[in-house]
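Input: a single structure, listed below in structure tokens.
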Amino acid sequence: MKKLFGKNIAVGLMCALLIMLVSLPPASAWKNDDGEDGKFGPWSAPVNLGPPVNTVLADYQPFISKDGLSLYFSVLEGPTPNSPQDIWVAKRNSRSENWGTPQRLGPEINTPATEGQPFVTVDGHWMYFNSNRKTPDANGVLPFGLNDIYVAHRQNKREDFGPGGWQEAVNIGAGVNTSFGETSPFVFEDEMTGVTTLYFHSSRPGLGAGTDIYASTLQPDGTFGPPQLVFEVSSTYNDQNPSISRDGLEMYFASDRPGSTPNPDSGMSGPPGQPSVDIWVSTRASTSDPWGTPANLDAVNQAQGGPVINSPFFDGKPSLSFDGTELYFHSAFRQGSQSVFFDIWKTTRTKLKQPE
1 MKKLFGKNIA
11 VGLMCALLIM
21 LVSLPPASAW
31 KNDDGEDGKF
41 GPWSAPVNLG
51 PPVNTVLADY
61 QPFISKDGLS
71 LYFSVLEGPT
81 PNSPQDIWVA
91 KRNSRSENWG
101 TPQRLGPEIN
111 TPATEGQPFV
121 TVDGHWMYFN
131 SNRKTPDANG
141 VLPFGLNDIY
151 VAHRQNKRED
161 FGPGGWQEAV
171 NIGAGVNTSF
181 GETSPFVFED
191 EMTGVTTLYF
201 HSSRPGLGAG
211 TDIYASTLQP
221 DGTFGPPQLV
231 FEVSSTYNDQ
241 NPSISRDGLE
251 MYFASDRPGS
261 TPNPDSGMSG
271 PPGQPSVDIW
281 VSTRASTSDP
291 WGTPANLDAV
301 NQAQGGPVIN
311 SPFFDGKPSL
321 SFDGTELYFH
331 SAFRQGSQSV
341 FFDIWKTTRT
351 KLKQPE
């Protein structure tokens, strides 16, 4: 542990993570308001979030907090993929209100390097994200690869700045990070088993030349164990950006595997006629079961009588709300965008009443 986080921060991280494991809400807390297990209708036609969240810049990689009042996302602050990129946050006082003006997070999170793909734990005290920084962290730990996963803590789950806000991020270590790229972290806390799992995607050698999805289990000492390839949702193509429902039975992710919407243009999604990047979904009957065969979200949604969600270009980084009724994602070149690059979009679905 000392090698991962440094002695003082290691103890704090370990204790807090162990507390998080034993303080999960009971199973009844994960039910719908009426106490019944959730069943949902189809997803609605996607809506652009508009200003002030979306701008002429690339606004993408969204994550919606448990309470739905904080939207974390990345902003590519220039016209090329190599432009500076930081993590920002937009807030609102209730889910019925519009988003306030976004703010760039402080130097505890952002550096002159690239930071992106934020995730905040259910308890609101931990942020995971990836960065390609080349400098050592607060404990003197140097980066391991092209992109590493970092974690930051805050005392006050409602503060992003100043006292009680985010503390300086540290590298989560060689147990997860490699000389390749590890990005798009998502921490799933299973209230039924007490197991906490870090999902992410990596460019390390896997099933093919693209990225694959991996899972690493939190150990009793507060570190994450050796990552395992999630074979059921990985392919020889690019599979990335896992987002899991609170009951652990749905996984949304992005992929350019066959079955994705054909791309009519050449560009970032590949040559004309090749599969674009689409949002896919996999389900399972319980968290002890393997993930099912993934399906394109459009096929699933249209089978329920809903509209097409994916576009012919680039749709990715899905973020499912805690109650399962909202799905945020980024999309490039979609009609109605504020930017010529990426914007953040949202689709919604309703909880269905169970038959009496």
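Counting from 1, one number per residue, gives the positions in the sequence shown under my numbering.
Glycine residues also receive a C-beta, built at the ideal position from the N, C-alpha and C atoms.
Please read these numbers as outputs of a predicted model, since none were measured by experiment.
Distance between residue j and residue i (C-alpha atoms, nearest Å)
i	j	result
THR183	SER131	8 Å
ASP160	GLY106	8 Å
GLN85	PHE129	12 Å
PHE63	ASN241	11 Å
LYS39	ILE109	37 Å
ARG145	PHE329	The question names Arg, but residue 145 is Gly in the sequence shown. Cα to Cα, the separation comes out at about 27 Å.
ILE149	PRO185	7 Å
ASP315	ALA254	7 Å
SER202	TYR214	7 Å
GLU97	ASN48	15 Å
ASN156	MET127	12 Å
GLN304	ARG334	24 Å
GLY324	MET251	11 Å
LEU352	GLY306	14 Å
SER418	SER311	The structure shown does not extend to residue 418, since the chain is modelled only from 1 to 356, so the question has no answer here.
ASN147	GLN354	45 Å
PHE231	GLY140	35 Å
GLY259	GLY210	16 Å
SER286	THR197	15 Å
ASP190	ILE87	27 Å
GLY50	ALA332	14 Å
ASP221	PHE119	22 Å
PRO272	ASN263	5 Å
Under the three-state DSSP convention, the category residue i falls into
i	result
ASP278	strand
ALA285	coil
VAL75	strand
GLN61	strand
GLU232	helix
GLN302	helix
LEU146	coil
LEU297	helix
TRP126	strand
SER243	strand
THR217	strand
GLU168	coil
LYS346	strand
GLU159	coil
TYR237	coil
VAL151	strand
VAL141	coil
MET192	coil
LYS66	coil
Proximity of residue i and residue j at Cβ, strictly below 8 Å
i	j	result
ASP265	ASN238	no
SER44	THR348	yes
ASN296	ASP278	yes
SER243	PRO290	no
ASP137	ALA169	yes
PRO46	ILE344	no
PHE320	SER245	The displayed chain sequence assigns Leu, not Phe, to residue 320. The answer is yes: Cβ separation under 8 Å.
LYS227	VAL195	Going by the sequence as given, residue 227 is Pro instead of Lys. In this structure, VAL195 does not lie closer than 8 Å to PRO227 by Cβ.
ALA58	PHE313	no
VAL89	LEU76	no
GLN61	GLN117	yes
THR193	LEU249	no
THR121	VAL187	yes
Strand pairing of residue i, partner residues [DSSP]
i	result
SER202	GLU182, ASP212
PRO258	SER260
GLY316	HIS330
LYS39	Paired residue(s): none; LYS39 is not in a bridge.
GLY273	BP columns for GLY273 are empty, so no partner.
GLY116	ASN130
LEU97	Correcting the residue identity first, residue 97 is Glu in this sequence and not Leu. Bridge partners of GLU97: none, in fact.
ILE87	SER74
CB-CB length for residue i against residue j, believed under 8 Å
i	j	result
SER234	PHE224	No, SER234 and PHE224 are not in contact; Cβ-Cβ is about 19 Å, not under 8 Å.
PHE180	ARG158	Not confirmed; about 36 Å, so no contact.
GLY41	THR350	5 Å
ARG92	LEU69	6 Å
PRO102	PRO52	6 Å
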